[in-house]
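Before any comments, here is the structure.
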Amino acid sequence: MTELDTEVLVVGSGAGGATTAVTLAEGGRDVVVLEEGPWIAPDRAEAFSLEEMALQYRHHGSSAALGNPPVAYAEGRCVGGSTEVNSGLWHRIPGELAERWRHEYDIDGFEPETLDRYAGLVEGWQSVSPLPGEAPASSAALADGADRLGWRAVEFPRVYRYPQGGRAEKQTMTRTLLPRAVGAGARVQPDSRVHRLLRRNGRVTGAIVRRRRPDGTTEQLTVRADHVVVCGGAVHTPALLQRSGLRRGIGGGLKMHPTIKLVARFPQAVDHDDVPPHRITEFSPDIAIGGSASRRGHIALALADGGADATPADWEQMFVYYAAIRSDAGGRVIAVPGAATPLVSYRITDADLSRLARGLVQLGRALLEAGATELHPSVRGGTVARTPGDLARWWDEIDRSTANLMTVHLTSSVRMGQAPGRTGADSWGRVHGVTGLRVNDASLVPDAPGVNPQAAIMTIAARNADHLLDELRS
Amino acid sequence: MTARPGAASTAVVTGAGGWLGRNLVRALAGEDRERIRCLVQTPAEATLLEIVSPAIDPVVGDVRDPAAVTELFEGMAGTTVFHAAAVIHPDTKVRQLFDVNVGGTGHVLDGARRAGAGRFLHLSSNSPFGANPTPDHRFTEDSPFSPHLSYGASKLEAETLVRRAHERGDVEAVILRPPWFYGPHQPERQTTWLRTVRRGRFPLVGNGTNRRSMVFTGNLVHGLLCAEVAEAAPGRAYWIADPEPYAMADVLATVRAAFEAEGLPVSGGQPRLPRLAGVVAEQVDRAVQSAGRYVQAVHVLGELKDTIACDVSRARAEIGYDPPTTLLDGMRESIRWCRSRGLSL
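From first to last, the protein sequence lines are chains A and B. In terms of the working numbering, the first sequence has 446 at position 446, counting the first letter as 1, and numbering is strictly consecutive. Counting from 1 along the second sequence, just add 1000 to a position and that's the residue number in the working numbering.
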């Protein structure tokens, strides 16, 4: 059995893990990062393609939270985590929400100035920038539809670099923070799944790891560490903690942005290479409206959700859009003994379903205004809308048995704060009831923020990693 | 009667075929408004309103339908909006509360903003506040929210949309919070209630000292017209109710007195149920609603034990609210209205 010693073990290499690793490694600490998924070169799969989904998403992109209706979810499983596959849209934590979290969960050091400082720091690392030229047609349709209705819409900046004359580069963790961490001495090891954490006398001392060798065989590895920081995302972080015997405040209170989609047909071909940077913000924070990855396969999948069984010949005139909501509901993550994947459940409320219907109707209005000729909702038996008058039928058609829901944003399964009973970790991510163990990823974010959560995750992770660094130095 | 100073020359009324709507539209028609654009659910409701006044201009449609709401606001720049469309007792499914009360409010706010409407008067409820902690307690406008079940949650979410629209300058909004109505143009459920009280079959739950604020529809219409013009009103919320809450036992006694004053004899005694019956009903209601279902009788029984009482001081002070009709007179008017429609009491 192989053994490894380190000062800090970081479990997971996504937005939370990479931020933690770079902060500590550049701060002069000895860091090992373990990633369950493989290393995939950033340009190997075409961006936003089904090939990318198969290579870099967990279960090839098809996991589901149980419930009525179930909610399909997707999360990255590769070095860099979901930052390798997401849209890269960047949105700071809405200030009003951060203040509410600070009071509700009694979070220390969560003042607006602190969050702004860390958000600014991370934005510098990540080259957050707007599109250099005009937005493509798929994105402009959102802006145009909103404009005709007098609605607010925003072109969001993204974590992209646009080299002169070169190809746009999404600033994923494998391009930004992980190389820096490695440059500062961190060891990043892919294909290494942490089975459980080692504990002795109330202190976490390391982890038992199963590593897949390049030849396909596996070996068990014991990593001993003074500090362990778990950054496996809102599903796998609580599952690992539960497998390690930590259950209080862990895995309950899962939050997400339930999302419903439609396929719009336009009179002419539209672009398919990118995800639209425009969002309709008129209904925020309750409802976010935007565009999805829309390559041929995505269009076929989304049409199949509505009951169609073939990709139409004119698929190039089609594009997938979505409405995502802030949800009243909550869910749970429960590690199942012997199973690699935990049980995830989520209870969509009537208020949620209504908000999803409202979002889809409003999305439909904007797209019809923007010139779409047909809207196919991801609703079994749903009306294909051609005029604004058709949209109202969706209210009754969207119910628990017909709606196809999905999400790419999962949070809040190990909430942070001093409030007893409602949090799984303290204000800095230190897991309650044990020493030497921190969480530093989406699990800490107290609620689904109504916007892409990557900025929130990295901001909080940078702040918490600094806190650990200070502790190690003193 | 001519339009009051500050009142808009036109009005848009949603829920115009409903209990409040029919009272409100008649009052507006009596004020010489040039046009009263009304959203109603059926052609029959439209016909009933059209005969009231030539100024009434009904649009038949669903408040969830953006096309209908667009039509409702066509050419209505500067209009006052009375948003009264809402579901209080859904047919069977809780979803309807959210679709209509929240989704509908979203559409109407959007229509009003795009049309360049004037003041937006939003009809809310006591339900975002739940029940008072003690029989002597009165809700003020600053009391904390504690929404009662799905209806309360839907009305609170609707208020949130209205407040947000006001704060970002989309509309100039006022929120009015009426409790339990009584008055003419009542729905079938209220006629049944009057009949049951007359025959001595409506139970008191507990000892009958729990208090309920109620509002005569005419008093509520008066409150709305005050809020339309009051300078202090935009961005504010007001309780609009009869001056004082009533002990539940007094409500039933007054209804019976109203019947006698109208020459209709009453019968039976006063049946009583232990307070526990109301507690059990509320638990059953909660369970049924969490499964997405709604049973009106259980919901009502669950609320009968509670004190739901508010203080109208702010409306009196800031918008000149001065409700003219008493409980006895309002109940007598309701009884006369029922008889004029040939409804069996």
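Where a beta carbon is used, it is the ideal one built from N, C-alpha and C, also for glycine. Bear in mind the structure is a predicted one, so any value in this text is a computation, not a measurement.
Could you tell me whether the Cβ of residue i comes closer than 7 Å to any Cβ of chain B?
| i | result |
| --- | --- |
| residue 438 of chain A | no |
| residue 19 of chain A | no |
| residue 395 of chain A | yes |
| residue 388 of chain A | yes |
| residue 207 of chain A | no |
| residue 426 of chain A | no |
| residue 284 of chain A | no |
| residue 350 of chain A | yes |
| residue 292 of chain A | no |
| residue 392 of chain A | yes |
| residue 365 of chain A | yes |
| residue 354 of chain A | yes |
Please confirm if residue i has its CB atom under 7 Å from at least one CB of chain D.
| i | result |
| --- | --- |
| residue 1145 of chain B | Looking at the structure shown, chain D is missing, and the protein chains on hand are A and B. |
Spell out whether any CB of chain A is found under 7 Å from the CB atom of residue i.
| i | result |
| --- | --- |
| residue 1100 of chain B | no |
| residue 1067 of chain B | yes |
| residue 1200 of chain B | no |
| residue 1285 of chain B | no |
| residue 1091 of chain B | no |
| residue 1162 of chain B | no |
| residue 1094 of chain B | yes |
| residue 1035 of chain B | no |
| residue 1004 of chain B | no |
| residue 1114 of chain B | yes |
| residue 1142 of chain B | no |
With a threshold of 16 other CB atoms inside 10 Å of the CB of residue i, please say whether the residue is buried or exposed.
| i | result |
| --- | --- |
| residue 1340 of chain B | exposed |
| residue 356 of chain A | buried |
| residue 1283 of chain B | exposed |
| residue 110 of chain A | buried |
| residue 68 of chain A | exposed |
| residue 1261 of chain B | exposed |
| residue 455 of chain A | buried |
| residue 994 of chain B | Because chain B in this structure spans residues 1001 to 1345, residue 994 of chain B falls outside the shown range and cannot be described. |
| residue 203 of chain A | exposed |
| residue 1082 of chain B | buried |
| residue 242 of chain A | buried |
| residue 1264 of chain B | exposed |
| residue 86 of chain A | buried |
Residues bridged to residue i by DSSP?
| i | result |
| --- | --- |
| residue 1310 of chain B | B:1139 |
| residue 192 of chain A | A:211 |
| residue 1272 of chain B | B:1204 |
| residue 43 of chain A | According to DSSP, which records beta bridges pairwise, residue 43 of chain A is partnered with nothing at all. |
| residue 1181 of chain B | B:1215 |
| residue 1057 of chain B | B:1037 |
| residue 278 of chain A | A:155 |
| residue 318 of chain A | A:265 |
| residue 468 of chain A | DSSP output for residue 468 of chain A lists no bridge partner at all. |
Inspect the beta-carbon positions of residue i and residue j and report whether they are closer than 7 Å.
| i | j | result |
| --- | --- | --- |
| residue 1321 of chain B | residue 1218 of chain B | no |
| residue 263 of chain A | residue 303 of chain A | yes |
| residue 1161 of chain B | residue 1079 of chain B | no |
| residue 1141 of chain B | residue 1314 of chain B | yes |
| residue 1095 of chain B | residue 327 of chain A | no |
| residue 29 of chain A | residue 7 of chain A | yes |
| residue 118 of chain A | residue 459 of chain A | yes |
| residue 191 of chain A | residue 38 of chain A | yes |
| residue 171 of chain A | residue 159 of chain A | yes |
| residue 1143 of chain B | residue 1129 of chain B | yes |
| residue 1312 of chain B | residue 1239 of chain B | yes |
| residue 1012 of chain B | residue 1035 of chain B | no |
| residue 36 of chain A | residue 45 of chain A | no |
| residue 184 of chain A | residue 26 of chain A | yes |
| residue 374 of chain A | residue 265 of chain A | yes |
| residue 32 of chain A | residue 24 of chain A | no |
Counting Cβ pairs, one atom from each stretch, are 3 or more of them under 8 Å apart for the stretch 1038-1058 of chain B and the stretch 1015-1029 of chain B?
Segments in contact, yes.
Open item on the list: When you compare the stretch 273-292 of chain A with the stretch 131-145 of chain A, are there three or more beta-carbon pairs, one atom per stretch, that lie closer than 8 Å?
Closed with: Contact holds: three or more Cβ-Cβ distances are below 8 Å.
Examine the Cβ distances between the stretch 280-297 of chain A and the stretch 429-441 of chain A and report whether three or more of them are shorter than 8 Å.
-> Contact between the stretch 280-297 of chain A and the stretch 429-441 of chain A is absent, because fewer than three Cβ pairs lie under 8 Å.
Touch test, the stretch 1098-1117 of chain B against the stretch 1288-1308 of chain B, Cβ-Cβ under 8 Å, three pairs minimum | Contact between the stretch 1098-1117 of chain B and the stretch 1288-1308 of chain B is absent, because fewer than three Cβ pairs lie under 8 Å.
Taking 8 Å as the cut-off, does the stretch 363-376 of chain A touch the stretch 142-150 of chain A (at least 3 CB pairs, one atom from each stretch)? Counting Cβ pairs under 8 Å, three or more are found: they touch.
- Task: Indicate whether the contact test is met: 3 or more Cβ pairs, each with one atom in the stretch 370-388 of chain A and one in the stretch 340-351 of chain A, closer than 8 Å.
- Result: Verdict: no, contact absent.
- Query: Does the pairing of the stretch 249-257 of chain A with the stretch 231-240 of chain A give three or more beta-carbon distances under 8 Å?
  - Reply: They touch, by the three-pair rule.
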